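Protein chains in written order, with the working numbering: chain A, 4 to 316; chain B, 4 to 316.
In structure tokens:
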């Protein structure tokens, strides 16, 4: 299997009845501060509150034999998305989640009927627990980012963004496992080979940037960042696609993520989660040049714990 | 002077270059909970973060002799809106604000170049301070809600809502001083005489409901509500128009306002201020019947102090 524009367009046709076409918002004030035009693709308004609804729906509705259900491990949004897609198709979803997942994300998975198993917050623990559950139930494993059906689904967001906004120069996309990133990069470059795709990553989970510079995958087992959707290391197939289709990877500080998140809340009056603030943090910290350019940013999700905001004492 | 649909349409033509046409958002989840279709007019995305941009712009751009500037007293959003409109026209704005105004609202007025004078948080203190400043400067007084130009400007929001969404049965609108309420009611009833307009008010500032039942204006001097935009009593011309054009006034609890605000943040991923949550609180508390109906709610603003959210301990 592989990832190309045809696969992403097929995914778009498959999932269209099950997702929102999310709006693209702009802010005169943020444009003035950045010195360029910024276009925010609002996947925080997506079903389940995150772009993950796209990839999960594509994976579940691509299954030819779905009787035994689906299983996955996820820091949260993929989990809710897979539970929702499985319910839409009428099959069980077995979800392995790290035991430091935020309460709203756990509640969301339960709310969609997902069957949760908690585990330690490491990649190794997640994968072992999930493998056991797949063996026990016969469910189809839907990996949150190395699955090509998931990558194709995630790539549908940038197609909508580029349909709505002409002549973008740059796309800024967060990177965790790299599912959204490679779906975005493959689609964007196929639609416009001159567009720049820049991955944005918390320095506290900076494996993608280090791997990109080193030319080989350097996964980390423990990440230290508030951006809970980006704590995982880049997957193997994701890294291969990233090397071919992504122009640069930049990192941002925790302070930058919090400042960016707060600025978007205060100025745009929309709720985004810390992971979604990482591309705007890259602009605030001067890591990407957006002056006199047209830049698209993917706001990946809006699921936050309102009792534990990062600027609360 | 009076208020009718022609005046509101003229206001719309006058202010259109200076305001956003804000989106109307919906939520499948909130519809399911309410048992009816809800349409949220997002004035939290308006210039200065509130519908007040409409009335202030209409007042300022209606002035024939503007040389000495404008003056007002306001709990915050009208202040920012008047400062912004005055700057657009190149005249000074003198703003009297209660000394318990939230920091973001004070900063916003300063940011638009408004000249602030603080006073005690009572209607009497505001009016006396403002009268003194008008006498000293020769500025034109633009009252936040009894000015007919302001009422006409505020009424433009519901015109957009009814253009975008056909066949609304009910409009829910917060009431403080009553500028938005009467603009909304006059425009909505002129466009569709069968539509119901229900004013929604915090019980802790419940003078509009009491006055409506008594048939005479019963202002209060001190209000006790988190909804800082709704602490003022209904104005005299506003009460007269309210009696003729508004179908009902309902009150909600402080707990209801906070629950409604939080529910909109969590579900719709948009930031609204407490005053804007009052109509949805009326639905949550069963004060209006929206089942199997199409109900429009005006989300009046999104200016909150992110360091002092009502659910923080």
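By construction, the Cβ of each residue, glycine as well, lies at the ideal position given by its N, Cα and C atoms. A quick note: this is a predicted structure, and the numbers were derived from the prediction, not measured.
{"Asked": "Positions along the region 63 to 83 of chain B whose CB lies within less than 7 Å of some CB in chain A", "Found": "none"}
{"Asked": "Partner residues on chain A for residue 272 of chain B, Cβ-Cβ distance less than 7 Å", "Found": "47, 48, 52, 273, 274 and 305"}
{"Asked": "Residue 107 of chain A versus residue 276 of chain B: straight-line alpha-carbon distance, rounded", "Found": "22 Å"}
{"Asked": "Backbone CA spacing between residue 48 of chain B and residue 93 of chain B [nearest angstrom]", "Found": "24 Å"}
{"Asked": "Residue(s) in a DSSP beta bridge with residue 299 of chain B", "Found": "B:42 and B:174"}
{"Asked": "8 Å Cβ cut-off: residues of chain E touching residue 265 of chain B", "Found": "The structure shown contains no chain E; its protein chains are A and B."}
{"Asked": "Same chain only: Cβ atoms within 7 Å of residue 150 of chain B, ignoring 5 sequence neighbours per side", "Found": "62"}
{"Asked": "Cβ contact check for the region 160 to 167 of chain B and the region 23 to 38 of chain B: 3 or more pairs under 8 Å", "Found": "yes"}
{"Asked": "Beta-bridge partners of residue 100 of chain B, as assigned by DSSP", "Found": "B:121"}
{"Asked": "From A:303, A:116, A:314 and A:38, residue whose alpha carbon lies closest to that of residue 73 of chain A", "Found": "A:116"}
{"Asked": "Proximal residues, the region 101 to 114 of chain A versus chain B, C-beta separation under 9 Å", "Found": "107"}
{"Asked": "Min CB distance residue 183 of chain B to chain A below 9 Å", "Found": "no"}
{"Asked": "Proximity of residue 45 of chain A and residue 33 of chain A at Cβ, strictly below 9 Å", "Found": "no"}
{"Asked": "CB contact below 9 Å: residue 315 of chain B versus chain A", "Found": "yes"}
{"Asked": "Residue 255 of chain B - partner residues in DSSP beta bridges", "Found": "B:205"}
{"Asked": "Those residues which DSSP pairs with residue 304 of chain A across a bridge", "Found": "A:53"}
{"Asked": "Residues bridged to residue 28 of chain A (per DSSP)", "Found": "A:43"}
{"Asked": "Rounded straight-line distance, which links the Cα of residue 256 of chain A to that of residue 65 of chain B", "Found": "49 Å"}
{"Asked": "Of the listed residues B:68, B:112 and B:77, nearest to residue 86 of chain B (C-alpha basis)", "Found": "B:112"}
{"Asked": "Limits of the beta strand (DSSP E) - the one that residue 76 of chain A falls within", "Found": "73 to 76"}
{"Asked": "Own chain, CB closer than 7 Å to residue 259 of chain B, minus 5 neighbours either side, in chain order", "Found": "284, 287 and 288"}
{"Asked": "Minimum C-alpha distance to residue 223 of chain A - residue among A:238, A:230 and A:95", "Found": "A:238"}
{"Asked": "Touch test, the region 297 to 304 of chain A against the region 266 to 282 of chain A, Cβ-Cβ under 8 Å, three pairs minimum", "Found": "yes"}
{"Asked": "Residue 312 of chain B at chain A interface by Cβ criterion, 9 Å", "Found": "yes"}
{"Asked": "Boundaries of the alpha helix (DSSP H) in which residue 93 of chain A is found, first to last residue", "Found": "It is not in any alpha helix (DSSP H) - residue 93 of chain A carries neither H nor E in the DSSP assignment."}
{"Asked": "Continuous alpha helix (DSSP H) assignments of at least 4 residues falling wholly in the region 203 to 242 of chain A", "Found": "210 to 217"}
{"Asked": "Alpha-carbon spacing of residue 120 of chain A relative to residue 138 of chain A, whole angstroms", "Found": "15 Å"}
{"Asked": "Distance, residue 191 of chain A Cα to residue 201 of chain A Cα", "Found": "11 Å"}
{"Asked": "Residues near residue 215 of chain A by beta carbon distance below 6 Å, same chain, minus five either side", "Found": "252"}
{"Asked": "Close-in-space but distant-in-sequence residues of the same chain around residue 105 of chain A (CB under 7 Å, 5 per side omitted)", "Found": "79, 231 and 308"}
{"Asked": "Distance between residue 269 of chain B and residue 68 of chain A (C-alpha atoms, nearest Å)", "Found": "35 Å"}
{"Asked": "Sequence-distant residues of the same chain with beta carbon closer than 6 Å to residue 141 of chain B, five excluded per side", "Found": "71"}
{"Asked": "Cβ shell of residue 154 of chain B (< 6 Å), same chain only, five flanking positions each side left out", "Found": "6, 182, 185 and 186"}
{"Asked": "Beta-carbon neighbours of residue 257 of chain B, restricted to chain A and to distances below 9 Å", "Found": "By Cβ distance, chain A contributes nothing, its closest Cβ being about 17 Å from residue 257 of chain B, past 9 Å."}
{"Asked": "Where the alpha helix (DSSP H) containing residue 272 of chain B begins and where it ends", "Found": "Neither: residue 272 of chain B is in no alpha helix (DSSP H) and is coded neither H nor E."}
{"Asked": "Three-way DSSP call (helix, strand, coil) for residue 17 of chain B in this model", "Found": "helix"}
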